[in-house]
Structures are given as structure tokens and as C-alpha cells.
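Down below is the structure, laid out as C-alpha cells.
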Amino acid sequence: MKEYLAVDIGGTFIKYGIVNEQAAIVELDKTKTPKTLDGLLELLEELYQKHLDAAGVAISCPGAVSESGVIYGTSALPYLHGPNIKQLIKDRLGVHIYMENDANCAGYAEVWKGKARGIKDVLVMVIGTGIGGAVIKNGLIHKGANLHGGEFGYMVLPYDSATGYDTWSGTAATGALIKKVARLKNMNKDELTGEAIFEMASAGDEVCSKAIDQFYQILALGIYNLQYIYDPEIILIGGGISVRDDLIDNINEKLDGILHQLEASKIKPNIDTCEFRQHSNLLGAVYGYIRETEGDAFSNPDLTRVNGQ
Numbered sequence: 000m001k002e003y004l005a006v007d008i009g010g011t012f013i014k015y016g017i018v019n020e021q022a023a024i025v026e027l028d029k030t031k032t033p034k035t036l037d038g039l040l041e042l043l044e045e046l047y048q049k050h051l052d053a054a055g056v057a058i059s060c061p062g063a064v065s066e067s068g069v070i071y072g073t074s075a076l077p078y079l080h081g082p083n084i085k086q087l088i089k090d091r092l093g094v095h096i097y098m099e100n101d102a103n104c105a106g107y108a109e110v111w112k113g114k115a116r117g118i119k120d121v122l123v124m125v126i127g128t129g130i131g132g133a134v135i136k137n138g139l140i141h142k143g144a145n146l147h148g149g150e151f152g153y154m155v156l157p158y159d160s161a162t163g164y165d166t167w168s169g170t171a172a173t174g175a176l177i178k179k180v181a182r183l184k185n186m187n188k189d190e191l192t193g194e195a196i197f198e199m200a201s202a203g204d205e206v207c208s209k210a211i212d213q214f215y216q217i218l219a220l221g222i223y224n225l226q227y228i229y230d231p232e233i234i235l236i237g238g239g240i241s242v243r244d245d246l247i248d249n250i251n252e253k254l255d256g257i258l259h260q261l262e263a264s265k266i267k268p269n270i271d272t273c274e275f276r277q278h279s280n281l282l283g284a285v286y287g288y289i290r291e292t293e294g295d296a297f298s299n300p301d302l303t304r305v306n307g308q
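Mapping of the sequence shown onto numbering that gives the first Met the number 0: position 158 corresponds to residue 157, and the numbering continues sequentially without gaps.
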């Protein structure tokens, strides 16, 4: 059975492991992300030298990853943007490299072995510091003309601000919730976590409870918009917030309220949490690698439904 070296490049840590062609993670570890490009290349070479039996290297990373290997946009790692990272890694390791945006990799994990398996039209959204995601059509990631397909967080919604609007990331990401509560409670945002805010709300904190209620409302508004833009069969939600057992129920409650006010709207988004969470980027990167190198030989046999039929 083939095995692949999978690497997930994050702003703070690099997770890596060996993933086989059946999506089993047989080895897993992490290390601090190097502060320089040379440091990153040295680390990747070191990892590959320890796994020379790997059939290839699959990499998940932030930013808008082009087919050529140049990573556009911005991220917490400025050195990724500008040079052809994919080519630099390939030259250093001497092996085929697959590289894709981290949110797209999370989407591919769901297509491979998760809740998007066998479904043609899917949106995967990842909620964290911001909101990212993936647009999936016929089992493939749709990147768009500017490689920004799935960047749902840039969507603009009405908001109580100086401009009268803000981005979805700026209002409905976990990071936005933390900033809002910190401002209302006159705290340093670095002292707060999303988990702590939910715990305070459960303990009766009115500020946190109201902020969470608004958080769900704005999430539901964005999800409603996505449903009518793309009309997916399902919208899957990932990120740290997805571990909450009440997440889907709370968003559905807000969606019901929106639909009740809009008589012409008859389609309620079908939402669920992602199957995979902390390891989804590794799995999705390997799936992308196999699809890229094996093509039709690795087509999804479950991809048979059209419009849910």
C-alpha cells in the first residue's frame, strides 16, 4: 500500500505525518514553524530524508496557491508569498510535490472519506480567526478566476460600524467573537478564547450570552446567502467551533427565524459539521496528490448523485 508524506504548514506549527492511500494516518507529529524560507526548506528536506519510502509529498498551506506553485494573497508567513514555493521544494527534495490551500485541503478530506463523499455540490466552511472554505463541484475544488473560490470571509454583510457593513470574517469568525467580547468587557483579547466565552455564557454572563446569540445570527445570515448563491446539497462547518454539540441546532434556529421573515425563501440550508477536524488538512492534501497523479484511476466511485437523487 502506498504511503505519502503529508505536511500542514501553519503560522505557529507544522503538522506532518504519513498517510496511506486508504486515508489512515500511520504516523503523526508536529514542530514549530521555521521563521525563514530557508528554514522551511531545510525542515522539509529533513522530514523527507526520514521518509524516503513515501510515494510523494502532499502539502497544505495558507494563501491562494496557484497551479504553478506561487502562493498569492497574504498569511501569517510572509515568506511564502512571492517565490515559487512548490518549485523550490521540488528542487530541494527531488520528488513530485502537491500543494494546495489549507481550506481546500479540508474540503478534499470531506470528499475523500467524510460527509461530502458522493455528493456533487458541497460548500465547506472553516471558522477560526477568519472564515475560509472550499467550493466543491463534482468532487473537485473550484478555485475561481483569482484563486479566491471559497474565501467566504470576504463576503460583506450589514453591521453596526462606521461604514454600516463589515466582512463575514470580521463579524462571524471566532476571532471576531473574541474581539467583540474583549471590547465590551474592557479586556485584552489575548486573555480570551472562544471556549472561555462559551463557558462564561453558560455560567450566566449576559455580555457573553448576547454576543454568542449575535454570533449565531450573523453566521446564519451568511450561510443563507451561500445557499442561494451556490445551492449546495450540504454546507459542512469545520474549525474549532465545530466541536460544540449545540452548534448546528443553534444555527438552524436562526435560519428558521430568517426564513420565517422571508416568505419567498423556501430552501433551508442543509448544514452539518465536518467529519474531520484537526487532521483534515493532512488527509485532504494526500487526496489531492493522488487525484493529481492518478487522475481518473482515482475517481470517486460514490460520486453518483445529482441534486441529491
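From the three backbone atoms N, C-alpha and C, an ideal C-beta is built for every residue, glycine too.
Take the Cβ of residue i as the centre, count every other Cβ of all protein chains shown within 10 Å, and call the residue buried at 16 or more, exposed below.
i	result
THR303	Residue placement at THR303 is flagged as unreliable, the pLDDT there being 42, under the threshold of 50; a coordinate-derived value is accordingly withheld.
LYS14	buried
ALA102	buried
GLU150	buried
GLY38	exposed
ALA2	A small correction: the amino acid at residue 2 is Glu; Ala does not occupy that position in the sequence shown. Buried: at least 16 other Cβ atoms inside 10 Å.
LEU183	exposed
GLN86	exposed
VAL242	exposed
MET199	buried
LEU51	exposed
TYR164	exposed
LYS136	exposed
LEU218	buried
THR170	buried
SER168	buried
ALA330	This structure cannot settle anything about residue 330, because the visible part of the chain is limited to 0 through 308.
THR162	exposed
GLY55	buried
THR166	buried
LYS253	buried
LYS49	exposed
ALA23	exposed
ALA63	buried
GLY16	buried
GLY193	buried
GLY148	buried
ALA202	exposed
Is the CB-CB distance between residue i and residue j below 9 angstroms?
i	j	result
ILE270	ILE247	yes
ALA108	HIS278	yes
VAL342	LEU122	Limits of the chain in this structure are 0 at one end and 308 at the other, which puts residue 342 out of reach.
ASN100	GLY81	no
GLU26	MET0	no
MET124	GLY9	no
LEU4	TYR47	yes
ILE234	LEU225	yes
GLY106	ALA115	yes
ALA181	GLY152	no
HIS95	THR272	no
LEU92	LEU43	yes
LEU281	ALA57	yes
TYR227	ILE196	no
PHE275	GLY143	no
LEU191	ILE177	yes
LEU40	LEU79	no
ALA284	MET98	yes
GLY287	CYS104	yes
ASP120	TYR223	no
LYS179	ALA210	yes
LYS89	GLY68	yes
Quick one: measure Cβ to Cβ for residue i and residue j, integer angstroms, because I've assumed they're closer than 8 angstroms.
i	j	result
ILE118	GLU232	5 angstroms
ASP7	SER59	4 angstroms
ILE236	ILE126	7 angstroms
LEU76	THR30	Contact doesn't hold; Cβ gap of about 14 angstroms is too wide.
ILE250	TYR215	6 angstroms
To which residues does DSSP link residue i through a beta bridge?
i	result
LYS136	ASP120, LEU139
ALA5	GLY16, ALA57
VAL155	THR166
ASN100	CYS60
VAL125	GLY131, GLY237
Kindly say whether residue i, judged by its beta-carbon, lies nearer than 9 angstroms to any beta-carbon of chain B.
i	result
HIS259	Reference to chain B is not applicable here, since this structure consists of a single protein chain.
Contiguous alpha helix (DSSP H) assignments of at least 4 residues, all confined to the segment 14 to 92
36 to 48, 84 to 92
Q. Curious, which full-length alpha helix (DSSP H) runs of at least 4 residues does the segment 160 to 239 contain?
A. Listed in chain order, the alpha helix (DSSP H) runs fully inside the segment 160 to 239 are 167 to 171, 173 to 183, 193 to 201, 205 to 229, counting runs of at least 4 residues.
Return the chain-ordered ranges of every beta strand (DSSP E) run that is complete within the segment 255 to 303 and spans a minimum of 3 residues. 270 to 272
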